[in-house]
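Residue 8 in UniProt numbering sits at position 8 of the sequence shown, with consecutive numbering throughout. Even glycine gets a Cβ: it sits at the ideal position worked out from N, Cα and C.
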Amino acid sequence: MIRWGFLNTSKIAREKLLPAIKKANTAEIVAIGSSDIARAKTLANQFDIPKFYGSYHELLMDEDIDAVYISLPNHLHVEWTIKSLQAGKHVLCEKPIGLNEQDAIKLEKAAEAYPNLLVMEAFMYRFHPQWIYARDLVKKGELGTVKVIQSFFSYNNQDPNNIRNKVDIGGGGLMDIGCYCVSLSRHVFDEEPSSVVAQMQRHPDLKTDVITSGMLTFEKGISTFTCSTQLMPYQRVNIFGDKGRLEIEIPFNAIPDQQSRVKIYRPDGVEEKFFNPVDQYSLQFDSFSNSVLNNKPLEYSIKDAVANMRVIDKLFESSAKGGWMMI
Numbered sequence: 001m002i003r004w005g006f007l008n009t010s011k012i013a014r015e016k017l018l019p020a021i022k023k024a025n026t027a028e029i030v031a032i033g034s035s036d037i038a039r040a041k042t043l044a045n046q047f048d049i050p051k052f053y054g055s056y057h058e059l060l061m062d063e064d065i066d067a068v069y070i071s072l073p074n075h076l077h078v079e080w081t082i083k084s085l086q087a088g089k090h091v092l093c094e095k096p097i098g099l100n101e102q103d104a105i106k107l108e109k110a111a112e113a114y115p116n117l118l119v120m121e122a123f124m125y126r127f128h129p130q131w132i133y134a135r136d137l138v139k140k141g142e143l144g145t146v147k148v149i150q151s152f153f154s155y156n157n158q159d160p161n162n163i164r165n166k167v168d169i170g171g172g173g174l175m176d177i178g179c180y181c182v183s184l185s186r187h188v189f190d191e192e193p194s195s196v197v198a199q200m201q202r203h204p205d206l207k208t209d210v211i212t213s214g215m216l217t218f219e220k221g222i223s224t225f226t227c228s229t230q231l232m233p234y235q236r237v238n239i240f241g242d243k244g245r246l247e248i249e250i251p252f253n254a255i256p257d258q259q260s261r262v263k264i265y266r267p268d269g270v271e272e273k274f275f276n277p278v279d280q281y282s283l284q285f286d287s288f289s290n291s292v293l294n295n296k297p298l299e300y301s302i303k304d305a306v307a308n309m310r311v312i313d314k315l316f317e318s319s320a321k322g323g324w325m326m327i
């Protein structure tokens, strides 16, 4: 078993990550750290975690910890990932990996000094069976030649004190959820885009992008997306080929205790594919932990995280300058 420590007591840690790691086969939580020791103690008691710390540094000094999960605000991801590596820990870090490509490259270069330690950006959706199936379907040509991907992801959060609404620490729609749309496009086409264009609507006071629409051009086709932090919650992905269409109903936040369903539309009818309930966060923990245990490369390296940030940077640049940006 890989022994994990958690940096931060964030909402995602409380509601998603801690319940998930309890169900993992090759990972166990042994410590949690927070700048507020009372919060750390509360979660330690709630989830039966053996140790809790009142600082991130103290947790990193714990020799019983093999790997850490970083769920800190976006602007702290690179700093604490590097500190975790310096402390001899493997790192699974919340998306996005940093504030920009330069930030991600800084981490990539720092990680080169620790070749025996693994670092991965935590895009949990990629480990869900529905996405493994979708990608295989595309690779096998079951949809014909895939030429278009459409994705939409939105929620409604108007709390000015929420970190997702603070532009200076990496808040806004593109960084928080649009990064999924970028990731899945690269994931499905299995290549990098050559150019991008984006339009954004920003909050008049918060200055975060509350609606972002973008288009990514690939050699194989085109991906379009819209993300928003102030619309009715919704998510959907459609993958279009010249012989079929695949629709993923809940592509990003698949409910762990319910079946997932995708639909394949072909000229002769509609096929439904169901997947048994799984926790995609648990699957991510197991995948990472198995790489550590078996001394094998991660399925998604730090280079993938850098590439995703590069595209996000260009989308921001396109919105600011107007027009297409080459990658």
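CB-CB length for residue i against residue j, believed under 8 Å
i, j, result
"Leu85", "Ala110", "7 Å"
"Val148", "Val188", "Wrong, their Cβ atoms sit about 11 Å apart, outside the cutoff."
"Gly269", "Asp209", "Not really, about 40 Å apart at Cβ, beyond 8 Å."
"Gly98", "Val68", "Their Cβ separation, rounded to whole angstroms, is 17 Å, which puts Gly98 and Val68 out of contact at 8 Å."
"Ala44", "Ile32", "6 Å"
"Leu293", "Met120", "Not quite, the Cβ-Cβ distance comes to about 15 Å (not below 8 Å), so this is no contact."
"Ala307", "Arg186", "7 Å"
"His128", "Leu283", "7 Å"
Proximity winner among the options, relative to residue i (alpha-carbon distances)
i, options, result
"Gln201", "Leu174, Ser183, Ser195", "Leu174"
"Lys303", "Asp36, Lys106, Asn74", "Lys106"
"Asp48", "Tyr125, Tyr265, Val30", "Val30"
"Asp168", "Leu206, Lys41, Val119", "Leu206"
"Phe153", "Glu317, Ile132, Gly178", "Gly178"
"Lys231", "Lys220, Thr224, Gly241, Thr212", "The question names Lys, but residue 231 in the sequence shown is Leu. Checked all of Lys220, Thr224, Gly241, Thr212; the closest Cα to Leu231 is Thr212."
"Gly54", "Ile65, Tyr114, Lys41, Glu108", "Lys41"
"Phe274", "Val292, Ala254, Gln284, Leu283", "Ala254"
"Lys89", "Leu118, His128, Met124", "Leu118"
"Tyr114", "Gln102, Trp131, Val91", "Val91"
"Arg126", "Leu184, Asn165, Asn74", "Leu184"
"Arg261", "Ala134, Thr224, Asp64", "Ala134"
"Asp103", "Asp313, Asp190, Gly322", "Asp313"
"Lys95", "Met309, Phe316, Ser319, Lys140", "Met309"
"Phe225", "Leu315, Leu59, Ile37", "Leu315"
"Trp324", "Val197, Leu18, Pro129", "Val197"
"Asp66", "Ser291, Ser301, Gly322", "Ser291"
"Gly244", "Gly141, Tyr56, Val182, Pro129", "Gly141"
"Tyr300", "Gly322, Met124, Pro129", "Met124"
"Gln259", "Gln130, Lys51, Pro19", "Gln130"
"Asn165", "Thr229, Ser223, Ala87, Phe52", "Thr229"
"Tyr180", "Arg14, His57, Val311, Ala13", "Val311"
Paired residues, beta bridge with residue i - DSSP
i, result
"Trp131", "Answer by DSSP bridge pairing: none, since Trp131 is not bridged."
"Met61", "According to DSSP, Met61 bridges with nothing at all."
"Val262", "Ile248, Lys273"
"Thr217", "Ser195, Ile222"
"His90", "Ala67"
"Glu121", "Cys93"
"Asn156", "Gln230"
"Trp4", "Ile29, Ala67"
"Lys51", "Ala31"
C-alpha gap between residue i and residue j, whole angstroms
i, j, result
"Met1", "Lys22", "12 Å"
"Thr145", "Glu249", "22 Å"
"Pro204", "Met326", "29 Å"
"Thr217", "Leu143", "19 Å"
"Arg39", "Asp62", "19 Å"
"Ser34", "Glu271", "47 Å"
"Tyr155", "Ser195", "27 Å"
"Lys11", "Lys296", "31 Å"
"Leu76", "Glu192", "27 Å"
"Gln150", "Asp242", "15 Å"
"Lys83", "Arg266", "51 Å"
"Glu101", "Leu246", "31 Å"
"Val162", "Cys227", "Per the sequence shown, the amino acid found at residue 162 is Asn instead of Val. About 18 Å."
"Ala320", "Ile37", "42 Å"
"Asp136", "Pro251", "16 Å"
"Leu60", "Asp279", "27 Å"
"Gly221", "Glu112", "34 Å"
"Glu317", "Pro50", "46 Å"
"Tyr234", "Gln158", "16 Å"
"Gln46", "Ile70", "20 Å"
"Cys93", "Ile264", "33 Å"
"Ile132", "Val182", "17 Å"
"Ser223", "Asp190", "12 Å"
"Gln199", "Asp176", "16 Å"
Proximal residues to residue i (C-beta, below 7 Å), its chain only, five neighbours per side dropped
i, result
"Leu72", "Leu7, Asn8, Trp80"
"Ala27", "Met1, Ile2, Trp4, Ile21, Phe285, Asp286, Ser289"
"Lys16", "Tyr281"
"Pro160", "Leu206"
"Pro256", "Pro277, Val278, Asp279"
"Asp64", "Arg3, Val30"
Cβ-heavy atom distance, residue i to the ligand PLP, below 8 Å
i, result
"Val148", "Ligands are entirely absent from the displayed structure, and the ligand PLP is therefore not among its contents."
Close-in-space but distant-in-sequence residues of the same chain around residue i (CB under 6 Å, 5 per side omitted)
i, result
"Phe240", "Val148"
"Gly170", "Asn74, His75, Leu99"
"Val237", "Ser151, Ile248, Pro251"
"Met215", "Val197, Thr224"
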